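Below: one structure, written as structure tokens.
Protein chains: 4
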Amino acid sequence: MSQAGTRNAARDMFEADVASRSLGIELVEAGAGTATARMRVTEAMLNGYQIMHGGYLFLLADTAFGCACNSHGPMTVAAGAEVSFIAAAHLGDELTAVASERTRYGRNGIYDVTVYRDGPGGPVTVAEFRGRSRTVERESEAT
Amino acid sequence: MSQAGTRNAARDMFEADVASRSLGIELVEAGAGTATARMRVTEAMLNGYQIMHGGYLFLLADTAFGCACNSHGPMTVAAGAEVSFIAAAHLGDELTAVASERTRYGRNGIYDVTVYRDGPGGPVTVAEFRGRSRTVERESEAT
Amino acid sequence: MSQAGTRNAARDMFEADVASRSLGIELVEAGAGTATARMRVTEAMLNGYQIMHGGYLFLLADTAFGCACNSHGPMTVAAGAEVSFIAAAHLGDELTAVASERTRYGRNGIYDVTVYRDGPGGPVTVAEFRGRSRTVERESEAT
Amino acid sequence: MSQAGTRNAARDMFEADVASRSLGIELVEAGAGTATARMRVTEAMLNGYQIMHGGYLFLLADTAFGCACNSHGPMTVAAGAEVSFIAAAHLGDELTAVASERTRYGRNGIYDVTVYRDGPGGPVTVAEFRGRSRTVERESEAT
């Protein structure tokens, strides 16, 4: 698929992704098997410890993963994921999630996503995420 | 800790959890090492395929996990998690996340969370989540 | 499938499993979606810190998982797994791995395995393992 | 730490690792946060389907991970790992595991290991492994 086509498949999916767009997530870059997404931490994302709820951190990574694994064209869904929470994110932090494809085999794929924020001494990693994708014909075949 | 105390530690944390409460999550049950949370899928939670964004599914499980692992009192954070997405959730579905403690060792814990919705033939599992917790003195010691 | 049939499917596979049998692993129990396997830690299993190499701990859990997920009949392989190492195992320890099915969906399954050793105050958990299985027609379709 | 020092910390640990050496594993390379290990599949490693037991595949990856995460000097143990099995390995295959450090934070680290074999058209990925490490003062503090 041409770079332009790739860009469009991921971008089209992102345009229709109400969840990501409602949260102010921006799709910064989308290539073949890659994607970069960005989000700012708002008050509505804070948990009982006044730090960003892990669910929103996961969501940002999952959006970047979804754009990367759908960049090849066919409908591809998340089969699962593993995440390590490395540093807390706070109100106002701008987080960037960078997804890249590690491998594809059959209808499966593995994608790594690093989420970071900018710190005084350079980027600070906030989470490391690894997603497992599955290409399907239609939603009902997702498993 | 008494059952009543347990209930209060998790409930207090949940009361302060703006992220979970903004999404309409209810804490249905909270015991020693256990918690049940419930959420209805809204339009703002749908992704580009018109199914619930995996991030919100994770968030619900993570909230139940957070209540269960903080039920013992000391501040406990998520160190990481693993999730398998089993069935899609749709607009209007009411999802229930049931968290239970599998083991604790040192300052670590492992908690299993099953997310399901009710179907005509009984509960339908939507996701299986396993969280790893870490008890800390204060947030800066999270790692 | 009858309990007797289940027993035989897992037992037949185990009988042919040279890797497990060469290490002295015993299949203690095999039911529908469950299996219990046992192994003693030998010198050949120790790593550079004089504790059991994590690979052998994983292997024991994986054998119990394999028996449990093949108990239903059709050829089923491990698609992946997640393990947490909880306590060290030492020379001479007898380890028991108990596998149970958490869920099955389409051609996938999730199985939990707890590995423990007996301590003076009761069983001590050594590892928690979660395996993801995939039923295939033949090996070449494994993915 | 100098490159030479790094090399020696990992190499010393590997020299003492009876489990890895008994299986014929070779430590091909060891640098700061990296390691490459190699192993040939023997008959004693085959499971009931006549393919390499996943436990041995994990073990090879875990050895490379162990060398990489101990390259910095202080005693470091595996806290856990996640593995995806991508292709079957067969009798006689020579497998190579390449470990690299993704991040370190506090006493924790995350390491990625790719296991591959050589195929007619280039390397074929057999497994993707992600290990979580924990630096400890002594074994009893492992958790």
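Respectively, the protein sequence lines represent chains A, B, C and D. Here the working numbering is used: the first residue of the first sequence is 1, the next is one more, and so on. Here the working numbering is used: the first residue of the second sequence is 1001, the next is one more, and so on. Here the working numbering is used: the first residue of the third sequence is 2001, the next is one more, and so on. Here the working numbering is used: the first residue of the fourth sequence is 3001, the next is one more, and so on. We put the beta carbon where it would ideally sit given N, CA and C, even for glycine. Keep in mind it's a predicted model, so treat the numbers as computed, not measured.
- When the Cα atoms are used, T3042 (chain D) and L2059 (chain C) turn out to be separated by approximately 16 Å.
- Contact with chain C is found for E82 (chain A), since one of that chain's Cβ atoms lies less than 8 Å from the residue's Cβ.
- Against chain B, the CB of A2009 (chain C) has no partner CB under 8 Å away; the residue lies outside that interface.
- Here the alpha carbon of D118 (chain A) sits roughly 11 Å from the alpha carbon of A89 (chain A).
- Looking at D:R3011, D:T3034 and D:E3082, the one whose alpha-carbon comes closest to that of R2132 (chain C) is D:E3082.
- The shortest CA-to-CA distance from T2096 (chain C) to any of C:Y2116, C:D2112, C:I2086 and C:Y2049 is the one to C:Y2116.
- In chain order, L2027 and C2067 place their CB closer than 6 Å to the CB of F2014 (chain C), counting only its own chain and leaving out the 5 sequence neighbours on each side.
- Contact annotation: A3078 (chain D) and G2080 (chain C) have beta-carbon atoms that are not nearer than 8 Å.
- Beyond the five residues adjoining it in sequence on each side, N47 (chain A) comes within less than 7 Å, by CB distance, of H53 in the same chain, given in chain order.
- Counting C-beta atoms within 10 angstroms of its own C-beta, A1044 (chain B) has fewer than 16 neighbours from the protein chains shown and is therefore classed as exposed.
- Taking a Cβ-Cβ threshold of 8 Å, none of the residues of chain A is close to M1039 (chain B); the smallest such distance is about 11 Å.
- Under the criterion of beta carbons closer than 8 Å, V113 (chain A) and I86 (chain A) do not qualify as touching, at roughly 12 Å.
- A Cβ of chain C is located within less than 8 Å of the beta carbon of A3044 (chain D).
- Annotated as proximal: A2010 (chain C) and A2030 (chain C), with beta-carbon spacing under 8 Å.
- DSSP, reduced to helix, strand and coil, places L3059 (chain D) within a helical segment of the structure shown.
- Residues of the stretch 2015 to 2036 of chain C with a C-beta atom less than 9 Å from some C-beta of chain D are E2015, A2016, D2017, V2018, A2019, S2020, S2022 and L2023, listed in chain order.
- Annotated three-state conformation of G66 (chain A) is helix, per DSSP.
- Contact of R102 (chain A) with chain D is assigned, a C-beta pair being separated by under 8 Å.
- Each residue's CA atom was taken as its position, placing V3136 (chain D) and P1120 (chain B) some 51 Å apart.
- About 17 Å separates the CB atoms of Y105 (chain A) and F65 (chain A); that is not less than 8 Å, and the two are not in contact.
- With 16 or more neighbouring CB atoms inside 10 Å of its own CB, G33 (chain A) falls in the buried class.
- Taking 8 Å as the cut-off, the Cβ atoms of Y2056 (chain C) and A3019 (chain D) count as close.
- Measuring C-alpha to C-alpha distances from I3051 (chain D) to each of D:G3092, D:G3109 and D:R3102 identifies D:G3092 as the nearest.
- Buried is the label assigned to D3062 (chain D), since at least 16 other Cβ atoms lie within 10 Å of its Cβ.
- Here E94 (chain A) is actually not in contact with T3103 (chain D); their C-beta atoms are around 20 Å apart, not less than 8 Å.
- Contacts with chain C at 8 Å (Cβ-Cβ) do not include H3072 (chain D).
- The Cβ atoms of T76 (chain A) and R134 (chain A) lie closer than 8 Å to each other.
- When DSSP states are grouped into helix, strand and coil, R1132 (chain B) belongs to the strand group.
- Against chain C, the CB of A1087 (chain B) has a partner CB under 8 Å away; the residue lies at that interface.
- At a cut-off of 3 residues, the continuous stretches assigned as beta strand (DSSP E) that sit fully inside the stretch 65 to 119 of chain A are 76 to 85, 94 to 105 and 108 to 119.
- Assigned with DSSP and collapsed to three states, E1029 (chain B) falls in strand.
- Per DSSP, the beta-bridge partners of V2124 (chain C) are C:R2117.
- The residue among B:S1084, B:R1021, B:S1071 and B:G1024 with its C-alpha nearest the C-alpha of N1008 (chain B) is B:S1071.
- A straight-line Cα-Cα distance of about 14 Å links E1101 (chain B) and G1073 (chain B).
- Close partners of A79 (chain A) in chain B (Cβ separation under 8 Å): S1084 and F1085.
- Distances from the alpha-carbon of Y2049 (chain C) to those of D:Y3049, D:V3098, D:D3012 and D:P3123 put D:D3012 closest.
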